Structure formats: C-alpha cells, structure tokens
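Working notes for the structure below.
Numbering (UniProt numbering), first residue to last: 1 to 553.
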C-alpha cells in the first residue's frame with residue numbers, strides 16, 4: 001500500500017444518525033458508516049455542525065475532529081440533551097487561546113461550568129435550568145392525573161343521573177359550568193372521595209360566587225348608565241323648553257383677566273355650561289337668573305340668562321333627580337364630552353397652562369380625551385372652518401381649534417403618549433391643505449384654482465398629491481438659488497454656517513434640496529443684507545434658470 005493511499009480503517013467512521021429519537025426502554029443509538037474520502041470539505045464541515053462541533057479548518061483538521069467525535073461515544077449523548085446556556089461575558093475556548101487576559105482569568109478562577117438549560121417557548125431571554133423529577137414530584141403528578149380521570153368519570157355519572165331523573169334541560173350544566181351540574185358534581189365529589197377533594201369543591205363554589213358577583217355588578221352598571229342618560233335628557237329639555245334666551249356667557253375657564261374674556265355668544269364657537277338641576281331659585285323682579293341661582297355652574301363670571309318678558313315659573317325637579325348634571329352644550333345642540341373644572345380643584349401634578357390665541361387655558365391633563373375620530377375627505381371646506389374655531393375637541397369646557405391639537409397630543413407634553421402616532425400624520429395633511437388655502441384671499445378663489453375642467457372640486461388625496469409636487473418644485477428652486485448665491489459652496493464663510501451641522505463629532509454640509517431650501521428661507525428672514533443683495537440678482541437668476549412647470553390638473 002502506497003503512502004498516499006488512505007488506510008481503509010481510518011477512512012471508514014461509524015457515526016450516530018442525526019435527528020434520531022431514543023426510546024427510554026431501548027436506548028440504543030442508531031449509527032451508520034461514513035467513508036471520508038467520498039465527501040468534500042464542505043460536506044464534512046456541515047456534518048460537524050450537525051453534531052455541534054467546530055466546522056472551521058482545512059481537510060486534515062476536519063477529518064481529525066470527526067474521528068475524535070466518532071471514537072467518543074459519550075459525546076453522542078450530547079445530541080439528546082438541551083443546548084448549553086451562554087451568557088454575555090463567558091469565555092469560549094477560542095477566546096482563551098487567543099487572548100492572554102482570558103487565559104489569565106481561567107487560570108485564576110477556573111473555567112466556568114456551563115449548565116444545560118431549556119428555552120421557554122415564547123421568550124429567548126429567560127433560561128430555565130433542567131430540574132430532574134423527584135420521586136415526590138412524580139407521585140404528585142400521578143395523583144393529579146388520577147384526579148382528572150376521576151372527574152371525567154364523575155361527569156359521566158352526573159349525565160346518567162340527569163338522564164334517569166328526566167332533567168334533560170340541564171344537561172349542558174353537567175360539565176360543572178352551570179348551577180345544577182356544579183351542585184351535583186360537588187355532592188358526588190364529597191360522597192365518593194371524601195375530604196380529599198374539598199379544595200376542588202371550594203374552587204367551584206368560588207367560581208360560582210364570582211360569576212354571580214359579575215352579573216350583579218353588570219346590572220347595577222346598566223341601571224346607573226340609564227339614570228345618567230335620563231338626568232342629562234331632563235336637563236337638556238329644561239334648557240331648551242324654558243323660553244328663547246339671549247345668552248351672554250363670559251367664560252372663566254380661560255382663567256385670564258376679565259378684559260380678555262369679553263366675548264358674545266354669536267362670536268363664540270361653543271357655549272359651555274354645567275347646568276344644575278338640583279333646585280331652581282324663585283324668579284327675580286327683572287326676570288333674570290344669575291349664576292348664583294345655579295350652584296353647580298362652573299367657570300362663569302357675572303353670567304346672566306335673560307329670558308323673555310313673561311317667563312315661565314321655575315320648576316323644581318323631583319327628589320330622585322336632585323343632582324348635578326354635566327351638560328357641555330355646543331351651538332349645534334349636542335352635548336360635548338368634556339367637563340369644565342375650576343383651576344383650584346385640579347391636582348398640581350396634573351395642572352397645565354397653555355397659551356392659545358393670546359388666552360390662557362388651565363386644564364387637567366388627565367381629563368384630555370383621545371383625538372376625535374373625524375375625516376374631512378368629503379368636506380374640505382369644513383376643515384378650513386374647524387382649523388381656527390372648533391368644538392370637536394373640548395378641554396375644560398373650551399373648544400380647541402384643530403391647529404392647536406398638536407399642543408395636546410405630541411409626546412413632549414406627556415399628555416397622551418401615543419396619540420400623536422395615530423393623528424399626527426393626518427394632522428400634517430390638514431395643515432398642508434390649510435396653508436395652501438390661506439395663500440388665497442377667499443375660499444372661492446382657492447377652489448377656482450383647484451377644480452377640474454368641469455368645475456368639480458378636486459378630491460382630498462388629489463389635492464395632497466398636487467401640493468406635494470408643487471412643494472418639491474419650490475424646494476428645488478430655492479436650493480438652486482442658494483447654490484447660485486454662494487457660488488455652489490454652502491460651507492463657505494459667506495453662508496455664515498447656516499448650511500452646516502454636526503454629526504458624529506464632524507461638521508457636515510446639508511445636501512438635500514429640502515434642507516437647503518429651509519435654511520435658505522431662514523437666511524433671507526434673519527440676514528437683511530443677504531436678502532437685499534439677493535433681490536438685486538434675483539431677476540437675472542430666474543431668467544437664466546429653466547424651472548420645471550408646476551404640475552397641471
């Protein structure tokens with residue numbers, strides 16, 4: 001035999017079959033013969049990986065590693081055990097060979113013993129060690145299994161007794177969920193098995209009690225809800241049927257100085273009041289009812305309800321309805337959802353103050369409702385109205401225009417953590433449309449621009465697409481103007497650092513058209529000398545540039 005010819009005994013290996021199952025009664029491991037010379041390095045590497053062995057190295061290394069595994073039958077048992085746990089910071093054998101520090105740690109403290117662990121089904125972060133079953137645990141499991149089987153027999157007995165007694169209507173309760181089946185199961189359990197199953201019996205009784213308690217609480221909740229609806233309806237009917245009233249309410253929910261609160265009913269988008277139906281005072285000589293006669297009227301100052309010349313006598317409600325009813329009434333006659341709160345009754349940790357359109361609004365952030373579900377796709381004109389004056393969102397009795405919704409729902413104010421993720425994108429589209437509308441003197445001129453040849457107004461999405469294209473064209477124009485003015489060097493000293501920013505410790509220059517356009521507009525606002533110089537050369541620049549036209553429709 002030549003030196004290059006492999007020894008047949010060394011070339012033939014006996015290895016365990018991968019992914020096999022071992023019977024506890026017959027723990028023999030199935031094997032097969034492998035001839036190394038008939039396999040490539042890639043196949044040998046994959047075979048080692050299937051045996052949880054290192055798969056790197058040349059052919060000689062792979063062959064030697066495979067022979068070592070084949071000769072060590074104790075390693076074969078590792079195929080039927082869970083993978084060893086690994087934690088961050090553990091020193092592997094390879095790291096110990098290459099790193100002197102790792103070798104020193106092992107020499108000083110010894111190698112870490114890695115215990116075999118099972119991973120839970122739904123989490124890979126928690127590692128639970130394998131705990132062998134003790135004799136007591138096995139006995140407890142056997143008792144539990146026997147109890148389950150006995151309960152199945154009990155159910156069969158209950159069904160037979162129900163059938164014999166003619167109570168077919170209660171067969172559905174025989175599983176222990178209904179009262180009859182539960183009672184019979186409990187009686188059977190006590191008679192047949194004695195006090196051993198008392199714990200199971202108590203659990204059944206407890207389950208029955210909890211179900212009864214849940215039903216009772218649900219019925220009480222329904223009654224309470226109906227009473228609340230009835231009280232609200234009575235309060236609204238009293239306010240609507242008294243007499244036509246000229247209401248001049250001075251809202252103190254804004255918590256500002258009196259001269260900031262002088263608003264008439266006609267100019268105010270919503271009239272918010274909390275009407276008390278506990279008791280109405282007797283009419284005065286001037287037939288006017290002031291705020292003192294409504295003890296639960298919240299956030300009003302010097303509010304006077306002037307009725308007609310011959311007002312109806314005041315009516316006292318029956319005793320069951322002598323309570324305070326929250327009625328935030330908008331101009332459309334529908335009750336709003338928010339209730340006005342006095343600033344002194346708001347907990348300091350929940351009190352916030354916002355400046356909205358020159359007025360202060362004090363409110364409890366815990367009472368801010370979720371964003372209203374509203375769509376303006378079929379009524380864009382309503383969006384233009386609701387943007388500056390709206391009662392879709394009511395906070396502390398005050399209608400909040402849509403333009404201020406970001407103050408209440410953005411994450412930085414920590415009022416509603418995830419609300420802006422839902423309404424933020426849609427709110428941005430609304431703002432986009434409103435900004436374009438305000439470029440025109442009137443809404444008629446806006447729709448004259450954004451209508452098709454037949455005079456039909458463009459849809460919501462079509463408007464957004466057109467405005468997006470127009471904005472992109474404008475950004476490209478402004479970016480080109482900035483490059484022309486600074487001679488295509490935005491990092492020069494003449495740009496005064498407007499186009500520079502710092503990232504990862506390095507100064508960089510903006511390159512995107514949107515960013516360059518934003519900073520170019522900022523320069524023209526903040527640097528009058530640059531703006532004046534730009535006006536001198538602007539006409540020449542625009543004549544020399546060939547801009548793409550705005551998208552047509």
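Heads up, the beta-carbon is just placed ideally off N, CA and C, and yes, glycines get one too.
All values derive from a computational prediction rather than experimental measurement.
Proximity below 9 Å, CB of residue i to CB of residue j
| i | j | result |
| --- | --- | --- |
| residue 70 | residue 149 | no |
| residue 352 | residue 372 | no |
| residue 41 | residue 52 | no |
| residue 508 | residue 500 | yes |
| residue 67 | residue 54 | no |
| residue 377 | residue 461 | yes |
| residue 365 | residue 407 | no |
| residue 449 | residue 440 | yes |
Where residue i falls: helix, strand or coil (DSSP)
| i | result |
| --- | --- |
| residue 527 | coil |
| residue 453 | coil |
| residue 439 | coil |
| residue 490 | coil |
| residue 393 | strand |
| residue 411 | helix |
| residue 14 | strand |
| residue 368 | coil |
| residue 428 | helix |
| residue 400 | strand |
| residue 268 | Confidence in residue 268 is poor, its pLDDT being 40 and thus under 50, which makes the residue's placement unreliable; the coordinate value appears in the next sentence. It is coil, neither helix nor strand. |
| residue 134 | coil |
| residue 360 | strand |
| residue 22 | coil |
| residue 417 | coil |
| residue 35 | strand |
| residue 519 | helix |
| residue 196 | The predicted model places residue 196 with a pLDDT of 46, which falls under 50 and marks its position as unreliable; any figure quoted below should be read in that light. Three-state result, residue 196: helix. |
| residue 108 | helix |
Residue i classed as buried or exposed, judged by whether at least 16 other C-beta atoms fall within 10 angstroms
| i | result |
| --- | --- |
| residue 379 | exposed |
| residue 416 | buried |
| residue 539 | exposed |
| residue 475 | buried |
| residue 402 | buried |
| residue 520 | buried |
| residue 486 | buried |
| residue 154 | buried |
| residue 493 | exposed |
| residue 420 | buried |
| residue 443 | exposed |
| residue 184 | Model confidence at residue 184 stands at a pLDDT of 47, short of 50, so the residue's coordinates are unreliable; what they give is reported in the following sentence. By the neighbour-count rule (16 or more Cβ atoms within 10 Å), residue 184 is buried. |
| residue 445 | exposed |
| residue 585 | Past the boundaries of the shown model lies residue 585; the chain is included only from 1 to 553, so the question cannot be answered. |
| residue 355 | exposed |
| residue 109 | exposed |
Whole-Å CB distance - residue i paired with residue j, under 8 Å assumed
| i | j | result |
| --- | --- | --- |
| residue 31 | residue 15 | 6 Å |
| residue 95 | residue 102 | 5 Å |
| residue 80 | residue 131 | Not a contact, Cβ separation roughly 17 Å. |
| residue 50 | residue 18 | 5 Å |
| residue 531 | residue 524 | 5 Å |
For residue i, the nearest candidate out of the options (CA to CA)
| i | options | result |
| --- | --- | --- |
| residue 395 | 370, 77 and 36 | 370 |
| residue 423 | 536, 433, 537 and 409 | 409 |
| residue 384 | 434, 420 and 374 | 434 |
| residue 533 | 482, 389, 491 and 99 | 482 |
| residue 436 | 421, 469 and 506 | 469 |
| residue 374 | 359, 365, 397 and 405 | 405 |
| residue 516 | 471, 502 and 490 | 490 |
| residue 11 | 28, 33, 26 and 454 | 33 |
| residue 511 | 528, 543, 478 and 494 | 478 |
| residue 429 | 440, 444, 464 and 447 | 464 |
| residue 62 | 76, 39, 75 and 74 | 39 |
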